[in-house]
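Here the structure comes first, spelled out in structure tokens, and everything after it is commentary.
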Amino acid sequence: MESLRTALVGGQACEVCGRLPHPRRLRLTVAKLLAVFPVEFALHAIVLALHPPYVVAVGVLVITTTVLVIWVVEPSAMRFLRAWLHAPHVQASSGIDALWRIRVTVADRVGSLERVTHELAGVEANILGLHVHAVENGVRDELVVSAPDSVRAASLSAAVEDAGGNDVQVWPTTALALMDGQTKALSLAARVVGDPTELPHAVAELLGAHLITDRVLLSGPLPTDGTLLKIPSPWAGMFAFTRPGEPFTPAESARAHRLAQLAELAVPRPAHRL
14 MESLRTALVG GQACEVCGRL PHPRRLRLTV AKLLAVFPVE FALHAIVLAL
64 HPPYVVAVGV LVITTTVLVI WVVEPSAMRF LRAWLHAPHV QASSGIDALW
114 RIRVTVADRV GSLERVTHEL AGVEANILGL HVHAVENGVR DELVVSAPDS
164 VRAASLSAAV EDAGGNDVQV WPTTALALMD GQTKALSLAA RVVGDPTELP
214 HAVAELLGAH LITDRVLLSG PLPTDGTLLK IPSPWAGMFA FTRPGEPFTP
264 AESARAHRLA QLAELAVPRP AHRL
């Protein structure tokens, strides 16, 4: 489970499918050249120094280069340069507001959200959407804010912490995050009714979680901090979801289980013979 947590949190992975963004073409080309050129250079130097027969030299170069580049050098280089390859493209400020999703725990008392709003206004961030989840030590607010393109996640996080927020998490997001929560839930419910096999993907999208598909991970030690959620499956026994660093609230767990019940009702029943 720790390896899964590292994979999901360590990079710029998609919040739902967990995949890293495709590297830009220029970076991919540079990475492959850096991987292949030293191997090609060394092999050609060795072959030319040994002066084997022409056919032997060609055969050795073709076979050795193909094996080393495809199965050894290039995969190793891709892993070594992964952080650079998949890093987001930093562009000059365009003057267009960016959207961010912020999760923060605040005290359940009057004025807590007002202080958060005031501090965000100090960095020119405007709250566009808000969802509140009750938790043991207060309330967990999920905000969607717009901010100038020059504002970074660190500035937003610092502003929320200055307002008294705890366990602050900040992610870049898209306009899809502004969809009304009830509308989104109904849309996903309709999707599950139309195709019950969409249940795990619908739950992952609803909760911003990752579906665990590796059963080996589930057989090992599991996190006990509330970041693992299991729901019954009408055909697979159980689905498990993880959201590293962000425990599931009781309300979110209830929503996921309701979707599972809906999928179970939508599964076609075998016809009874008279």
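Adding 13 to a residue's 1-based position in the sequence shown gives its number in the numbering used here.
Every residue gets a Cβ at the ideal spot worked out from N, C-alpha and C, and that includes glycine.
Just so you know, these numbers come straight off a predicted model, no measurement behind them.
By the criterion of at least three beta-carbon pairs nearer than 8 Å, the segment 240-247 is in contact with the segment 260-274.
When the five nearest sequence neighbours on each side are left out, the beta carbons in the same chain lying within less than 7 Å of the beta carbon of serine 266 are those of Leu242, in order along the chain. Between the C-alpha atoms of arginine 268 and leucine 235 there is a straight-line separation of about 22 Å.
Judged by DSSP secondary structure, leucine 275 falls within the alpha helix (DSSP H) whose first and last residues are 263-279.
Pairing threonine 196 with arginine 114 gives a Cβ-Cβ distance that is not under 8 Å. For proline 88, the secondary structure class from DSSP, reduced to helix, strand or coil, is helix.
Excluding five sequence positions before and after leucine 199, none of the CB atoms of its chain fall closer than 7 Å to its own CB. Minimum Cα-Cα distance from leucine 39 among the listed residues Gly72, Leu98, Thr77 corresponds to Leu98. Taking 8 Å as the upper bound for CB-CB distance, alanine 215 and leucine 224 are not in contact here, some 10 Å apart. For alanine 120, the CB contacts under 6 Å within the same chain, skipping 5 residues up- and downstream, are Gly151 in chain order.
Annotated as distal: phenylalanine 252 and leucine 220, with beta-carbon spacing of 8 Å or more. Between valine 181 and serine 170, the beta carbon gap of about 5 Å places them in contact (Cβ cut-off 8 Å). Nearest to tryptophan 84 by C-alpha distance, out of Val52, Asp154, Pro263, is Val52.
Taking C-beta separations shorter than 6 Å and ignoring five residues to either side along the sequence, the partners of leucine 81 in its chain run Val52, following chain order.
Among the bridge pairs identified by DSSP, phenylalanine 50 is matched with none. DSSP, read as helix, strand or coil, puts glutamate 218 in helix.
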